[in-house]
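Working notes, structure below.
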Amino acid sequence: MSMSIQVMYPISGTTTFDYDYYFSKHMKIVGETLGEHIQSTLVTKGIAGGPDVPAGYYAIATMVFEDQSAMDLALSKVSAALSDVPNFTNTEPVMLVGEVVS
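Okay, here's the thing in structure tokens:
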């Protein structure tokens, strides 16, 4: 069964997020360190939380893996990507690990 990891970057009153750095440098680090294990990646930039509602997240990155084994291998190499987070945001990322069901 395919597995996924979603990394969500919540917005609060005191947080910042450098989109240029995130897209040009951080996602490159993710690709270089985890890419061989990732089946697909989707990054969504938050623009709204609904009609007339501000976005609750700066971005949500979704990485899909063929199976648990591929995800475990990727997670064993995640330290470079995690240590890069303070270079583009001061928010605390939230992760969701799950089974892809649809």
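Residues 3 to 104 in our numbering are what the sequence shown lists, from first letter to last.
Ideal Cβ positions, reconstructed from N, Cα and C, are used throughout, including at glycine.
Owing to the predicted nature of the structure, the values given are computational and were not obtained by experimental measurement.
Item	Value
Backbone secondary structure at S104 - three-state DSSP	coil
Spatial distance of Y60 from F25 (CA atoms)	12 Å
CA nearest to the CA of T64, picked from K47, V87 and G51	K47
T35, DSSP secondary structure in three states	helix
Closest by C-alpha distance to Y11, when choosing among M5, T35, Y21 and M3	Y21
Nearest candidate by alpha-carbon position, reference K79, set T17, I31 and V96	I31
Cβ-based neighbour list, M3, same chain, cut-off 8 Å, excluding 5 preceding and 5 following	D69, Q70, E101 and V102
Where A83 sits in the DSSP three-state scheme	helix
Cβ distance (whole Å) where N92 is taken to contact T17 below 8 Å	6 Å
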